[in-house]
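Structure first, commentary second.
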Amino acid sequence: FDIFGIGTVRNFRGIREDGNPEQHLIMGPWAHTNYDRWLGEMEFGPTGAAAAANVIADINVFLDRHLKGVDRELPGVRWFLMGANEWRTDESWPPPNAEERTLYLASNGGATMHYGDGRLVDDQPEEDRRWDEFMYTGYKPAMTEGGSTLQQAIGLPGPRDQTRTESRDDVLCYTTEPLTEAVDVAGPVEVEIWFSSNQPDTDITAKLVDVHPDGKPVSLVDGIMRARFREGFDREVMLTPGDTARVTVDLASLGHRFDVGHRIRLEVSSSNYPRFMANSNDGGSVNSATEMQPAINTIRRGGDYPSALRLHQLKD
Numbered sequence: 001f002d003i004f005g006i007g008t009v010r011n012f013r014g015i016r017e018d019g020n021p022e023q024h025l026i027m028g029p030w031a032h033t034n035y036d037r038w039l040g041e042m043e044f045g046p047t048g049a050a051a052a053a054n055v056i057a058d059i060n061v062f063l064d065r066h067l068k069g070v071d072r073e074l075p076g077v078r079w080f081l082m083g084a085n086e087w088r089t090d091e092s093w094p095p096p097n098a099e100e101r102t103l104y105l106a107s108n109g110g111a112t113m114h115y116g117d118g119r120l121v122d123d124q125p126e127e128d129r130r131w132d133e134f135m136y137t138g139y140k141p142a143m144t145e146g147g148s149t150l151q152q153a154i155g156l157p158g159p160r161d162q163t164r165t166e167s168r169d170d171v172l173c174y175t176t177e178p179l180t181e182a183v184d185v186a187g188p189v190e191v192e193i194w195f196s197s198n199q200p201d202t203d204i205t206a207k208l209v210d211v212h213p214d215g216k217p218v219s220l221v222d223g224i225m226r227a228r229f230r231e232g233f234d235r236e237v238m239l240t241p242g243d244t245a246r247v248t249v250d251l252a253s254l255g256h257r258f259d260v261g262h263r264i265r266l267e268v269s270s271s272n273y274p275r276f277m278a279n280s281n282d283g284g285s286v287n288s289a290t291e292m293q294p295a296i297n298t299i300r301r302g303g304d305y306p307s308a309l310r311l312h313q314l315k316d
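In terms of my numbering, the sequence shown opens at residue 1 and continues consecutively.
Given below as structure tokens:
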């Protein structure tokens, strides 16, 4: 839940891919300035705190190895599996026994809010033109509830109850059936969304949520993609209103157990403010916008529009 965590993991993987294997990563269930065993709606057990996990010992091994030349072993990755509340070690990220799993978005055109008919399914559905539609305006954005925030003025970090967010009519929810066996997720999480808008620019936000048996939706990781940057941050490509476009939203990395009876949920919207700047939707400068244009955004699914959640699931 550290705002800089997504970049840290990218650097770790990137440097290794460039040929330097002497990289080591520790990922705990913490925020930027909170290393305790409690954060938000979750309690991580007696070894959840950095002190109890003896992270300093790992740092000392690293320094001995690289500054003193002492031959001491250090795993490539030491990471915490939330939900199970246990530490794991692996030589890579995602772990070697993690396989990519795709969950496709499906609905009957009524995925709005937590009580809608949005579903996450393993098999790609046929194209269904009963698409999910919502109106987003920057004057009334969905407010940040937890996540990887840095300053408390933006909102408290960590896993937070999303009931208020999921009660908005500009938030779509896609949910699995209650799980009959635990699902352990370890690795990067991303979302592919096919959509159209009546404006030349808009945002697509996504949030992965653990729905507890009592119905409480608790956030895990989230992300955003501004449509104009869907082909790269080095150029702006505006939308053609009404035409279908595709964006990929990076939700960062996650180690979490969705336990039996829980459900996996994906929230899709166009705002998460103030964690992310509200989009004026008009295609103008992000620094000088004075008017917020309402955007009618349509999420397309199935057939030629395989909107989906992609995560890495641990296998035995």
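The C-beta atom is built at its ideal place from N, Cα and C for all residues, glycine as well.
Excluding sequence positions up to five before and after P157, its CB lies within less than 6 angstroms of the CB of F1, A31 and T149, all in the same chain and listed in chain order.
Within the same chain, and ignoring the five residues on either side of F44 in sequence, the residues whose Cβ sits closer than 8 angstroms to its Cβ are P29, R37, W38, F80, M82 and N85. Looking only at A142, I6, R164 and T176, the smallest Cα-Cα distance to R275 is reached by A142. Within the model, the alpha-carbon separation for V260 versus L179 is close to 5 angstroms. The three-state secondary structure of G110, taken from DSSP, is coil. Membership of A142 in any alpha helix (DSSP H) is not indicated, and neither H nor E is assigned to it by DSSP.
When DSSP reads this structure, Q313 sits in a beta bridge with E99 and V185. E17: member of the alpha helix (DSSP H) spanning G5 to E17, first to last residue.
Contact between V211 and R263 is confirmed by a C-beta separation of about 4 angstroms, below the 8 angstroms threshold. Scanning its chain for C-beta atoms nearer than 7 angstroms, with the 5 sequence neighbours on each side dropped, one finds around S280 the residues G138, A289, E291, M292 and Q293, in chain order. Of M277, I224, W194 and V191, the smallest CA-CA separation from T205 is found for I224.
Straight-line measurement puts the Cα of T8 at about 19 angstroms from the Cα of L63. In this structure, the straight-line span from the alpha carbon of A52 to that of Y35 is close to 10 angstroms.
Two segments are said to touch when three or more pairs of C-beta atoms, one from each, lie closer than 8 angstroms; by this definition the region 196-205 touches the region 232-252. In this structure C173 is in contact with G118, their Cβ atoms being roughly 5 angstroms apart against a cut-off of 8 angstroms.
Annotated as distal: L314 and L266, with beta-carbon spacing of 9 angstroms or more. One Cα belongs to V218, the other to G146, and the distance between them is close to 9 angstroms.
Take R168, set aside five residues on each side of it, and the residues of its chain with a beta-carbon closer than 8 angstroms to its own are M113, A142 and S269, in chain order.
Straight through space, the alpha carbons of T144 and Y273 are spaced by roughly 5 angstroms. Secondary structure of E192 (DSSP, three-state): strand. A straight line joining the alpha-carbon of R72 with that of V61 spans about 6 angstroms. By the beta-carbon neighbour count (other beta carbons within 10 angstroms, threshold 16), I299 is buried. Under the DSSP assignment, R226 falls in the beta strand (DSSP E) whose first and last residues are P217 to R226.
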